[in-house]
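Protein chains: 2
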Amino acid sequence: MTPQRIGVYRYLLENRTHPTVETVYQALKADSPSLSKTTIYNTVDTLTDAGLIRVIRVGEGEARLDGEIIDHGHFFCRVCGNVYDFDLDNCHLPQSLPGFRMEGFDVHVAGVCAACAEKD
Amino acid sequence: MTPQRIGVYRYLLENRTHPTVETVYQALKADSPSLSKTTIYNTVDTLTDAGLIRVIRVGEGEARLDGEIIDHGHFFCRVCGNVYDFDLDNCHLPQSLPGFRMEGFDVHVAGVCAACAEKD
DNA sequence: TATTATGATGTAAAGATTACAACATGGATG
DNA sequence: CATCCATGTTGTAATCTTTACATCATAATA
Ligand SMILES: [Mn+2]
Ligand SMILES: [Mn+2]
Ligand SMILES: [Zn+2]
Ligand SMILES: [Zn+2]
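For the protein sequence lines, the chains are A and B, in the order given.
When you read off a place in the first sequence, starting at 1, and then add 204, the result is the number in my numbering.
When you read off a place in the second sequence, starting at 1, and then add 204, the result is the number in my numbering.
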């Protein structure tokens, strides 16, 4: 655990907005100007392999980072681009895949969020 | 509907392997050498907007194309990179998002497929 | 036939991620 | 303490994927 890794992990725990690598980079660079974006990418790999964070790819463009590792769903608004969490109540892992080793789970819903839907 | 669009759509209906744009391009180029990869990208947009196909981004790297538009889940094998379909039995759209307009739905599971798991 | 609209093509540019070499750091060893 | 060694960081370049755009082809329309 290095200051850089702690910084990225802490940022993701405190900002549950599913930020991009670029967003994290810009935010942390304010405090540590020598920070490199490559370090963010390396750290994301390290933290992902350690099971501390996860990377989700929803919609288009950059990958989004998530410090919440408990299973939950993601709603992607195609208007504002925000990613919202939601609980998975009646959604269970499929039992119908014999021999398959399941390691990760995610539910993606795309559409228009409440804030953007109201602006019509 | 142009010959190129029909070709891409037909390829996706006949090949349920979630191919990449590059794979579709290489396959169709054999029959129509003048085909451009940009046309594949444009056609994917057109077919997606028309609701005939869908694009999924699972794992790393290129986007995967899917001619099956009925809701189903996707299993991504991190070893061989294949994407497998599975049925969604007890998985319903979440009701707990008031005001959100839902348009698309997908379940992503990552892990090791049966074929790759057997090789250990 | 001339016009026009739409789509296809090829190249260039943009955007996102990875590869890699050089540098920094901090602990172990003598 | 001085040296060595392992690991992590940094900056740049390269790669990979996708998009932008100008040009060409095609077919329908007037
Ligand atoms: Mn989340
Ligand atoms: Mn599928
Ligand atoms: Zn929105
Ligand atoms: Zn596999």
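We put the beta carbon where it would ideally sit given N, CA and C, even for glycine.
Remember, predicted model here, so these are calculated numbers, not experimental data.
(message) So that I know if they touch, is there some Cβ in chain B lying closer than 7 Å to that of A:E266?
(response) By 1-based counting over the first sequence, the position of residue 266 of chain A is 62. A:E266 does not count as touching chain B.
* When you compare only the Cα positions, how much space is there between A:Y213 and B:P237? -> Your numbering for residue 213 of chain A matches position 9 in the first sequence. Your numbering for residue 237 of chain B matches position 33 in the second sequence. When rounded, the distance between both Cα atoms is 49 Å.
Review point. If you scan the segment 224–269 of chain B from start to end, which runs of the beta strand (DSSP E) of 3 or more residues do you find wholly inside it?
Key: The qualifying runs are 258–260.
Can you tell me which of B:D293, B:F290, B:P302 and B:E266 puts its alpha carbon nearest to the alpha carbon of A:F279? By 1-based counting over the first sequence, the position of residue 279 of chain A is 75. Considering only alpha carbons, the answer is B:P302.
For the alpha helix (DSSP H) that contains B:G179, what are its first and last residues?
Outside the displayed span of chain B (205 to 324) sits residue 179 of chain B, for which this structure offers no information.
Are the segment 245–252 of chain B and the segment 286–297 of chain B touching, with three or more C-beta to C-beta distances below 8 Å? The segment 245–252 of chain B makes no contact with the segment 286–297 of chain B, as fewer than three CB pairs between them are under 8 Å.
Notebook entry, point to check: If we cut at 7 Å on Cβ distances, does B:E307 have a partner in chain A?
Noted result: To locate residue 307 of chain B, count along the second sequence from 1; it is residue 103. Interface flag for B:E307 against chain A is set, since a Cβ pair is found closer than 7 Å.
So B:V259 and B:C281 are supposed to be a Cβ contact under 8 Å. How far apart are they, rounded? Against the second sequence, residue 259 of chain B aligns to sequence position 55. Against the second sequence, residue 281 of chain B aligns to sequence position 77. In fact, because the Cβ distance is near 19 Å, the residues do not count as touching under 8 Å.
Handout entry: Strand pairing of B:G277, partner residues [DSSP]
Key = Counted from its first residue, the second sequence places residue 277 of chain B at position 73. In the DSSP assignment, B:G277 forms a beta bridge with B:F290 and B:V311.
ask   = Since A:E272 is in the alpha helix (DSSP H), which residue starts that stretch and which ends it?
value = Working through the first sequence from its first residue, we reach residue 272 of chain A at position 68. Bounds of any alpha helix (DSSP H) do not take in A:E272, whose DSSP letter is neither H nor E.
*List, in order along the chain, the chain A residues whose C-beta lies closer than 7 Å to that of B:R261?*
Within the second sequence, numbered from 1, the residue matching residue 261 of chain B stands at position 57. Within chain A, the residues placing a beta-carbon under 7 Å from that of B:R261 are R261, ordered along the chain.
Check: The alpha helix (DSSP H) with B:C320 in it runs from where to where?
Finding: Taking the second sequence and counting its residues from 1, the one referred to as residue 320 of chain B is at position 116. First-last of the alpha helix (DSSP H) with B:C320: A318 to E322.
*Between B:A318 and chain A, is there a C-beta pair that is closer than 7 Å?*
In the second sequence, counting from the first residue as 1, residue 318 of chain B sits at position 114. So, interface residue.
* Name the chain B residues whose beta carbon is nearer than 9 Å to that of A:G303? -> By 1-based counting over the first sequence, the position of residue 303 of chain A is 99. Per Cβ cutoff of 9 Å: C317, A318, A319, A321 and E322.
Q: Kindly indicate which residue of B:T227, B:R209 and B:V311 has the alpha-carbon position closest to the one of B:I274.
A: Position 70 of the second sequence, counting from 1, holds the residue named residue 274 of chain B. Among B:T227, B:R209 and B:V311, the Cα nearest to that of B:I274 belongs to B:V311.
Give me the chain A residues within the contact set of B:V313, using Cβ-Cβ distance strictly less than 9 Å, ordered along the chain. By one-based count along the second sequence, residue 313 of chain B stands at place 109. Residues of chain A whose Cβ lies closer than 9 Å to the Cβ of B:V313 are, in chain order, L297, P298, L301, F304, M306, E307, G308, F309 and D310.
Proximal chain B residues relative to A:N294, where beta-carbon distance stays under 7 Å: For the purposes of this step, residue 294 of chain A is taken as residue 90 along the first sequence, with counting starting at 1. Under the 7 Å cutoff, chain B gives N294 and H296.
Checklist entry - From the DSSP output, which residues share a beta bridge with A:R305? => result Sequence index remark: in the first sequence, residue 305 of chain A carries index 101 (1-based). Answer by DSSP bridge pairing, in chain order: B:V316.
- Taking all protein chains shown into account, decide if B:G211 is buried (16 or more other Cβ within 10 angstroms of its Cβ) or exposed. Within the second sequence, numbered from 1, the residue matching residue 211 of chain B stands at position 7. Under this definition B:G211 is a buried residue.
Report task. Output the distance between the C-alpha atoms of A:L232 and A:S240, rounded to the nearest integer angstrom. Result -> In the first sequence, residue 232 of chain A corresponds to position 28, counting from 1. In the first sequence, residue 240 of chain A corresponds to position 36, counting from 1. Each residue's Cα considered, the two are about 10 Å apart.
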